[in-house]
Structures are given as C-alpha cells and as structure tokens.
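Asks:
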Amino acid sequence: MTTDTNDAAFNDRMLSLGLARVAEQAALASAPLIGRGDEKAADQAAVNAMREQLNLLDIAGVVVIGEGERDEAPMLFIGEEVGTGNGPGVDIALDPLEGTTLTAKDMPNALTVIAMGPRGSMLHAPDTYMDKLAVGPGYPEGVVSLDMSPRERVEALAKAKNCAPSDITVCILERPRHETMISEVRETGASIRLITDGDVAGVMHCAESETTGIDMYMGQGGAPEGVLAAAALKCMGGQIFGRLLFRNDDEKSRAAKAGITNLDRVYSRDEMVTSDVIFAATGVTGGSLLPAIKRQPGWVETTTLLMRSKTGSVRRMSYRTPLSAHQ
Numbered sequence: 001m002t003t004d005t006n007d008a009a010f011n012d013r014m015l016s017l018g019l020a021r022v023a024e025q026a027a028l029a030s031a032p033l034i035g036r037g038d039e040k041a042a043d044q045a046a047v048n049a050m051r052e053q054l055n056l057l058d059i060a061g062v063v064v065i066g067e068g069e070r071d072e073a074p075m076l077f078i079g080e081e082v083g084t085g086n087g088p089g090v091d092i093a094l095d096p097l098e099g100t101t102l103t104a105k106d107m108p109n110a111l112t113v114i115a116m117g118p119r120g121s122m123l124h125a126p127d128t129y130m131d132k133l134a135v136g137p138g139y140p141e142g143v144v145s146l147d148m149s150p151r152e153r154v155e156a157l158a159k160a161k162n163c164a165p166s167d168i169t170v171c172i173l174e175r176p177r178h179e180t181m182i183s184e185v186r187e188t189g190a191s192i193r194l195i196t197d198g199d200v201a202g203v204m205h206c207a208e209s210e211t212t213g214i215d216m217y218m219g220q221g222g223a224p225e226g227v228l229a230a231a232a233l234k235c236m237g238g239q240i241f242g243r244l245l246f247r248n249d250d251e252k253s254r255a256a257k258a259g260i261t262n263l264d265r266v267y268s269r270d271e272m273v274t275s276d277v278i279f280a281a282t283g284v285t286g287g288s289l290l291p292a293i294k295r296q297p298g299w300v301e302t303t304t305l306l307m308r309s310k311t312g313s314v315r316r317m318s319y320r321t322p323l324s325a326h327q
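Going by full-length UniProt numbering, the first residue of the sequence shown is number 1, and it counts up by one from there.
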C-alpha cells in the first residue's frame, strides 16, 4: 500500500539508522580510491553508493543540497527525487564525499555527509559562495556576528570564554581570498588551523572544541556546505551564520530560482534548518572528528557519527564487514 506522503510522519528515530547506512556505504565505496590521486573517481563511487542506498529507504525524498544543478551532475543533483516514494516527504542535504581532494591525496578529514529533515525544512541554497561564521555551544546567542571584523570576533569570543585572545583557535580555509582575514586574526594573538578543504568538518570541529581544539570557524566557502554544517550544529549545538555571496548575474538568477529574494540576508542556524533533522557522517580519511576507514586482513571497518536534533542524541557507530562484500 502506498502511503500518502503528505500525511506520513517524519519518524526520525526509525529513519536514522537507515541514514547511517547511506553514509557508511558511500564511505566504503570511496575507500579503494584513497590516496590514488583521482578525485572524480572517488566522488563518483561515493555518489553511486549513496544514491543506491537512498533509493532503498521508504521516503519520498528530494535532494535540496546536492552535487550541483541537474545539468552539472549526473546524479544526486538538486531537485532529484530519491527513495521508494512510500513514506514521508523529506528534504535531503548531502555531500557524498566532502573532501574529494583530501581523499585523492590521503589527507585528513574527508567524510561522507548526509542530513534529512521534513519537507521544506532546509534552505535551498544555490550553488554559490557563502560567508560563514560558527562557534560551538554554550555561548550567548549572537556572541559573534558577520558584521564584526575578524578581530572583533576573536575578542568577543575570548571575553565570553573568559580567556585571552591568544587562547582562541580559529579554523579557516587556506585560500588567497582569506589572506587579509588570516592576518587580522593572527594580529589578535589567536592561533589559526588552516584547512585545505572540507569546511563542513571545519564547522563541526567548533562543536567539539575540547576534542578538536577549535573554537571558531570563519570564511567564505560553498553555500550548500553551509546548510549541511547548520544541520550538524542543529544536532551538536552551537551557532552558525551565513550570508550568500554572488560573483555574477548567473549566480543571482540561481538564487531567484531557489526562491531567495533578499540577497543580503544573514541566515542563522535555525533559519537554514527550520525543523528537527537527522545527520550522519562517516570518516573516510582520519581526522579530529572521526577515524579513517580501517582495512584488516579480510575485513573493513568504518566509524559513523549519527545525530538527532530532536533528542540531542549522538551515536558513534562502528561497522565491520567482510572485505569480500566491498571489492
């Protein structure tokens, strides 16, 4: 019997383990390509596996954050419908392999990432840049803002944390566009952890600062990754702010197509992700958040972070399976 998708409830508890499996299978598919130097092949393997697993779930899913527009991505593009069609209508945000370059070069913090919420719960961010700022949980709302200079952000966070600016660590993507920001942050005495790729993981690091040592994330990166990061912080706690950046009229028309009219709006975490969501990430290469995929004689093992914002529950799940099933 086909369920009326409008009436079917979003049962995050029942769907969460299925979502963890989606992230796991994408990671396992990309594992043979770690360190092989082929970004596209690694990404395609993860995409294929993620799509295959999503289509087994009893959902009427729509990809709202995906691999790009329909004409740019062969599958898991924005607007693609996934699932069996029997079950609740859901929004899906995903990055089948966050850190394709990291995977190809066997560098830290490559993840497979996916979030799911009720239909209409996630910002349909166009494939443009976003200016982002994030901190972990436990601070007053608006302790830092995008309207502050980098120096003011560091000083405000240090004051809220009751420490010196030199005790603050900021995560920033290593890009030429961030050189001025990096200089200004360093002038405060704060330290910077530069990352080459993977800003979803960069934002998530703020939520577990005791483990990762990172207090704040700032800088310009992909807008779709901003929504994924907001979904993660919805579960882990913390604040993220994002403002879309447009380089040309084509990008502005993409925003209009996504229903965005105020091009200067600053989105908070709960404006990017308006309802309770579930979030899963599986480690591909090792990092501060998750260990790498482990290969042992005859076996392969993954570790997945599975979170539900409704309950605040966080699971770290190990999955061990015979290697023969994934060759």
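Here a beta-carbon is modelled for each residue, glycine too, at the ideal position from N, C-alpha and C.
Looking at Leu-98: is its Cβ nearer than 8 Å to the Cβ of Gly-198?
Replies: Checking the sequence, you will find Glu at residue 98 rather than Leu. Yes, these two residues count as a Cβ contact at 8 Å.
Asks: Please work out which residues of its chain come closer than 8 Å, Cβ to Cβ, to Met-181, disregarding the five sequence neighbours upstream and downstream, and give them in chain order.
Replies: Counting only Cβ-Cβ distances below 8 Å, and skipping sequence neighbours, we find Pro-150, Ile-172, Met-218 and Gly-219.
Asks: On the DSSP bridge list, what partners appear for Phe-279?
Replies: Phe-279 is bridged to Ala-115 and Met-307.
Asks: Between the segment 12 to 32 and the segment 258 to 275, can you find at least three pairs of beta-carbon atoms closer than 8 Å?
Replies: Contact between the segment 258 to 275 and the segment 12 to 32 is absent, because fewer than three Cβ pairs lie under 8 Å.
Asks: Please state if the CB of Glu-251 and the CB of Thr-128 are separated by a distance shorter than 8 Å.
Replies: In contact: Thr-128 and Glu-251 (Cβ atoms closer than 8 Å).
Asks: Where does Arg-175 fall in DSSP's three states?
Replies: In this structure, Arg-175 counts as coil in the three-state DSSP scheme.
Asks: Between which two residues does the beta strand (DSSP E) containing Ser-209 stretch?
Replies: Looking at the DSSP string, Ser-209 is not in any beta strand (DSSP E); the run it does join, the alpha helix (DSSP H), is 209 to 212.
Asks: Please report the straight-line C-alpha distance between Ser-318 and Thr-112, rounded to a whole angstrom.
Replies: Looking at the two C-alpha atoms, the distance is approximately 15 Å.
Asks: With DSSP as the reference, label Leu-123 as helix, strand or coil.
Replies: Looking at Leu-123 - three-state DSSP - the assignment turns out to be coil, as it is neither helix nor strand.
Asks: Within 10 angstroms of its Cβ, does Ser-324 collect 16 or more other Cβ (buried), or is it exposed?
Replies: Exposed, because fewer than 16 other Cβ atoms sit within 10 Å of the Cβ of Ser-324.
Asks: Thinking Val-170 and Ala-190 are a contact (beta carbons under 8 Å), I'd like their distance in whole angstroms, please.
Replies: At roughly 6 Å, the Cβ-Cβ gap stays under 8 Å, so Val-170 and Ala-190 are in contact.
Asks: Are Gly-237 and Pro-137 closer than 8 Å when you measure CB to CB?
Replies: Yes.
Asks: Measuring CB atoms only, is the segment 53 to 68 touching the segment 78 to 98, in the sense that at least three cross pairs come out at less than 8 Å?
Replies: Taking 8 Å as the limit for Cβ pairs, the verdict is that the segment 78 to 98 does touch the segment 53 to 68.
Asks: For a test of the three-state rule: what should DSSP assign to Lys-159, helix, strand or coil?
Replies: In this structure, Lys-159 counts as helix in the three-state DSSP scheme.
Asks: Does the distance from the CB of Ala-134 to the CB of Met-216 come in under 8 Å?
Replies: Yes. Within cutoff.
Asks: Rounded to a whole number of angstroms, what is the C-alpha to C-alpha distance between Val-200 and Asn-55?
Replies: Val-200 and Asn-55: Cα-Cα distance of roughly 24 Å.
Asks: The beta strand (DSSP E) spanning Pro-322 covers which residue range?
Replies: Taken as a continuous stretch (DSSP letters only), the beta strand (DSSP E) holding Pro-322 covers 313 to 322.
Asks: Taking the continuous beta strand (DSSP E) assigned at Glu-98, which residues delimit it?
Replies: Residues 89 to 98.
Asks: For Gly-202, which of helix, strand or coil comes out of DSSP?
Replies: Helix at Gly-202.
Asks: Sort Arg-320, Pro-297, Asp-106 and Thr-302 by Cα distance to Leu-290 and report the nearest one.
Replies: Closest option to Leu-290, Cα to Cα, is Thr-302.
Asks: Tell me the residue span of the alpha helix (DSSP H) that contains Asp-270.
Replies: Here the alpha helix (DSSP H) through Asp-270 covers 269 to 272.
Asks: Less than 8 Å between the beta carbons of Leu-305 and Arg-295, yes or no?
Replies: In this structure, Arg-295 does not lie closer than 8 Å to Leu-305 by Cβ.
Asks: Which residue comes first and which comes last in the beta strand (DSSP E) that contains Met-148?
Replies: Neither: Met-148 is in no beta strand (DSSP E) and is coded neither H nor E.
Asks: Work out the CA separation of Glu-141 and Gly-286 for me, nearest whole Å.
Replies: Answer to the nearest angstrom: the Cα atoms are 32 Å apart.
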